[in-house]
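Working notes, structure below.
Numbering (full-length UniProt numbering), first residue to last: 1 to 375.
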């Protein structure tokens with residue numbers, strides 16, 4: 001065990017790079033219990049988003065780096081404040097984008113820190129590679145080494161940063177003594193489980209991502225159940241805060257310093273998103289983590305249609321009817337649902353007209369369901 005290297009690495013990460021937490025975990029194979037947790041997540045993501053490449057296999061640390069001995073996990077503050085002002089959003093029909101996913105300054109600093117940690121170890125003769133969260137269970141390793149612990153909402157929580165902690169991980173052949181995990185911090189508290197509107201937190205420390213609002217709006221490219229749509233508010237991607245906002249560990253947090261994000265990116269007009277051009281998508285969202293998760297602009301438009309349905313405001317009727325007429329099938333499908341939520345004479349007339357010529361089975365079903373709800 002190279003304890004002097006561990007001490008030097010931690011000082012470098014904490015003092016020079018400014019990370020808030022750093023811990024060392026072993027690169028041993030996962031336990032059977034952990035494999036089951038990973039398997040469920042991998043299978044759902046493989047079916048739901050092209051980012052996973054259809055790959056549901058479980059990869060042990062050794063698969064990422066031959067001769068791996070340690071996993072380094074860092075955590076930084078990712079709390080940007082209180083999120084969407086819903087009263088303002090309702091008045092102006094605005095959506096909400098998670099700030100940390102579109103702040104180029106925040107994301108750029110994170111990438112630079114990762115590069116410097118890799119270089120730190122490589123200059124000392126070790127192999128080191130950063131690990132992507134999609135393919136490697138970073139939360140699991142964070143819970144092993146004291147950077148955080150699993151809350152009952154299956155989100156990593158930290159004593160200082162609450163659940164707003166951005167995790168990065170690195171695998172190396174440098175053998176360092178693992179850090180101790182934190183003790184359970186939830187006790188008898190079940191506030192997050194009780195608050196989840198979709199029942200995704202059906203048992204402590206486990207999230208059924210198929211019911212998770214964040215997963216569905218941020219990653220799911222398949223069918224979004226109606227109960228998920230109803231619970232999504234004005235989200236345009238990830239950004240559900242319900243289980244975190246009720247957690248006592250998330251009170252009185254200090255927001256991280258960040259760049260100025262234009263309002264039209266984090267709180268865009270939903271009707272404008274419905275008709276967003278390819279150029280606007282490529283310039284505003286595609287280069288960001290938010291855009292990376294959504295993959296294509298049609299899923300942003302899908303989420304905008306759902307948000308307008310949740311506002312149930314007739315001001316959106318014309319834009320939704322235009323999307324039903326001219327949008328891609330997935331946008332047309334959820335615009336049909338949104339018009340049914342809004343109701344009103346304009347929505348009903350437009351849906352009846354669209355039904356007469358509709359060929360797509362999914363869109364046709366949503367139109368029929370909406371008309372039935374209005375009868």
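For each residue, glycine too, the CB sits at the ideal point set by N, CA and C.
Please read all numbers here as calculations on a predicted model, not as lab measurements.
Heavy atom of the ligand ZN within 8 Å of residue i beta-carbon
i: residue 64; result: This structure does not include the ligand ZN; it has no bound ligands of any sort.
Residue i - DSSP class collapsed to helix/strand/coil
i: residue 127; result: coil
i: residue 157; result: strand
i: residue 117; result: helix
i: residue 149; result: strand
i: residue 271; result: helix
i: residue 349; result: helix
i: residue 17; result: coil
i: residue 136; result: coil
i: residue 235; result: strand
i: residue 299; result: helix
i: residue 94; result: strand
i: residue 261; result: coil
i: residue 362; result: helix
i: residue 198; result: coil
i: residue 276; result: coil
i: residue 190; result: coil
i: residue 342; result: helix
i: residue 250; result: helix
i: residue 243; result: helix
i: residue 334; result: helix
i: residue 317; result: helix
i: residue 44; result: helix
According to DSSP, residues forming a beta bridge with residue i
i: residue 203; result: 206
i: residue 77; result: 165
i: residue 172; result: 70 and 128
i: residue 24; result: 72
i: residue 285; result: Paired residues: none, contrary to the question.
Classification of residue i by the beta-carbon crowding that lies within 10 angstroms, buried from 16 upward
i: residue 54; result: exposed
i: residue 360; result: exposed
i: residue 37; result: buried
i: residue 77; result: buried
i: residue 11; result: exposed
i: residue 123; result: exposed
i: residue 32; result: exposed
i: residue 229; result: buried
i: residue 316; result: buried
i: residue 4; result: exposed
i: residue 234; result: buried
i: residue 98; result: buried
i: residue 7; result: exposed
Short Cβ contact (9 Å threshold) for residue i with residue j
i: residue 253; j: residue 171; result: no
i: residue 95; j: residue 260; result: no
i: residue 73; j: residue 61; result: no
i: residue 144; j: residue 25; result: yes
i: residue 371; j: residue 355; result: yes
i: residue 258; j: residue 110; result: no
i: residue 247; j: residue 153; result: yes
i: residue 9; j: residue 121; result: yes
i: residue 146; j: residue 156; result: no
i: residue 289; j: residue 324; result: no
i: residue 335; j: residue 321; result: yes
i: residue 80; j: residue 103; result: yes
i: residue 298; j: residue 331; result: yes
i: residue 165; j: residue 20; result: yes
i: residue 362; j: residue 333; result: yes
i: residue 239; j: residue 206; result: no
i: residue 187; j: residue 251; result: no
i: residue 294; j: residue 237; result: yes
i: residue 140; j: residue 34; result: yes
i: residue 358; j: residue 337; result: no
i: residue 151; j: residue 185; result: yes
i: residue 107; j: residue 271; result: no
i: residue 374; j: residue 343; result: yes
Query raised in the report: Is it a yes or a no for the region 85 to 101 touching the region 265 to 277, going by three-plus beta-carbon pairs under 8 Å?
Result: They touch, by the three-pair rule.
Query - Segment contact flag, the region 125 to 133 with the region 218 to 237, C-beta cutoff 8 Å, min 3 pairs - result: Contact fails: fewer than three Cβ-Cβ distances are below 8 Å.
Query raised in the report: Should the region 30 to 50 be called in touch with the region 105 to 123, which here means at least 3 C-beta pairs below 8 Å?
Result: The region 105 to 123 and the region 30 to 50 do not touch, with fewer than three beta-carbon pairs separated by less than 8 Å.
Query raised in the report: Just checking, does the region 229 to 249 make contact with the region 178 to 197 on the three C-beta pairs under 8 Å criterion?
Result: Two segments are said to touch when three or more pairs of C-beta atoms, one from each, lie closer than 8 Å; by this definition the region 229 to 249 touches the region 178 to 197.
Query raised in the report: With a cut-off of 8 Å, do at least 3 Cβ pairs link the region 172 to 182 to the region 203 to 217?
Result: With the cut-off at 8 Å, the region 172 to 182 and the region 203 to 217 do not touch.
Query raised in the report: Should the region 224 to 235 be regarded as contacting the region 271 to 282, the criterion being three or more beta carbon pairs within less than 8 Å?
Result: Output reads no: the region 271 to 282 does not touch the region 224 to 235.
Query raised in the report: Quick check: the region 283 to 291 against the region 304 to 317, are there 3 or more CB pairs under 8 Å?
Result: Segment contact: the region 283 to 291 against the region 304 to 317, fewer than three CB-CB distances shorter than 8 Å; contact not assigned.
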